[in-house]
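Trainee:
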Amino acid sequence: MSAREREILAYLRTPMTAEEIAAALFVSVNTVRTHQRSIYRKLGVNSRRDAIKIRM
82 MSAREREILA
92 YLRTPMTAEE
102 IAAALFVSVN
112 TVRTHQRSIY
122 RKLGVNSRRD
132 AIKIRM
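The opening residue of the sequence shown carries number 82 in my numbering; numbering runs sequentially from there.
#1: So the alpha helix (DSSP H) Val-113 belongs to, where does it begin and stop?
#2: Might you give, ordered along the chain, the residues of its own chain that have their beta carbon closer than 7 Å to the beta carbon of Lys-123, omitting 5 neighbours on each side?
#3: Would Ile-89 pass as a contact of Ile-120 if the rule is Cβ separation under 8 Å?
#4: Ignore the nearest five residues each way along the sequence and tell me which others in Arg-85's own chain have a CB closer than 7 Å to its CB.
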């Protein structure tokens, strides 16, 4: 997992929306969602909740 994906995964542990994460990282919402999909694929999950469970 890339450094940026790990950073976004840390944000996914918070109640922040993709829009709020994008604003915090100064990237587009599409960039956040692309990283989110990549994280899910690499972890073999389909939801934010499952991704957080695996990485805890």
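Every residue gets a Cβ at the ideal spot worked out from N, C-alpha and C, and that includes glycine.
Mentor: The short version:
#1: Segment 110 to 124, the alpha helix (DSSP H) holding Val-113.
#2: For Lys-123, where only same-chain residues beyond five positions count, the Cβ hits under 7 Å are Met-82.
#3: yes
#4: His-116
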